[in-house]
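Per full-length UniProt numbering, residue 1 is the first one in the sequence shown, and the count goes up by one each step.
For each residue, glycine too, the CB sits at the ideal point set by N, CA and C.
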Amino acid sequence: MKVEARIFEIITVFFFLSAIVYGLWAKEPVGITAITLTGGLSLIIGTYFRFIARRVEPRPEDNEDAEVSDGAGELGFFSPGSYWPVGLAASAALAGLALAFFHVWLLVIAAALIIIMVAGLVFEYHVGPNHE
1 MKVEARIFEI
11 ITVFFFLSAI
21 VYGLWAKEPV
31 GITAITLTGG
41 LSLIIGTYFR
51 FIARRVEPRP
61 EDNEDAEVSD
71 GAGELGFFSP
81 GSYWPVGLAA
91 SAALAGLALA
101 FFHVWLLVIA
111 AALIIIMVAG
121 LVFEYHVGPN
131 HE
């Protein structure tokens, strides 16, 4: 997590310096505010990663002397044939269209579909106590 924290800290410095240069050059308050807030958001993420890096054991990415084989092994379980992400993407696209054309009724339907798709994705492999 130290690598990610360092990346976001560099991004934070870049955005704050960009806000200063933009403020001196353009003198336009909305752009200065937007760039400063972007730097603040990256500061929040970098601080979070730095905080988590102290609590998590070091990964191969954090060790400069690590070999590629140090990162070998299982990374997690990823569903090989799930159709829920397709439905979730379609529901999000429907919500985007509803927002673009400001059809509230369609936005309500899209929000309901998003909730159903997220629930299906989360509980796809959930097996209750009676299904042994």
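Cα separation between residue i and residue j?
i           : j           : result
residue 54  : residue 109 : 43 Å
residue 25  : residue 19  : 10 Å
residue 78  : residue 64  : 28 Å
residue 95  : residue 106 : 7 Å
residue 49  : residue 60  : 16 Å
residue 102 : residue 90  : 18 Å
residue 68  : residue 27  : 48 Å
residue 37  : residue 97  : 27 Å
residue 204 : residue 72  : Outside the modelled stretch of the chain, which goes from 1 to 132, sits residue 204, for which no answer is possible.
residue 35  : residue 126 : 43 Å
residue 42  : residue 82  : 33 Å
Confirm, please, whether the CB-CB distance from residue j to residue i is below 8 Å.
i           : j           : result
residue 88  : residue 117 : yes
residue 174 : residue 1   : In the structure displayed, the chain extends from 1 to 132; residue 174 sits before or after that span and is not available.
residue 114 : residue 92  : yes
residue 8   : residue 46  : yes
residue 212 : residue 32  : Since the first and last residues shown for the chain are 1 and 132, residue 212 lies out of range.
residue 84  : residue 124 : yes
residue 3   : residue 62  : yes
Give the range of the alpha helix (DSSP H) segment to which residue i is assigned.
i           : result
residue 4   : 2-25
residue 42  : 29-55
residue 91  : 84-101
residue 68  : Taken as a continuous stretch (DSSP letters only), residue 68 belongs to no alpha helix (DSSP H), as it is neither H nor E.
residue 106 : 104-122
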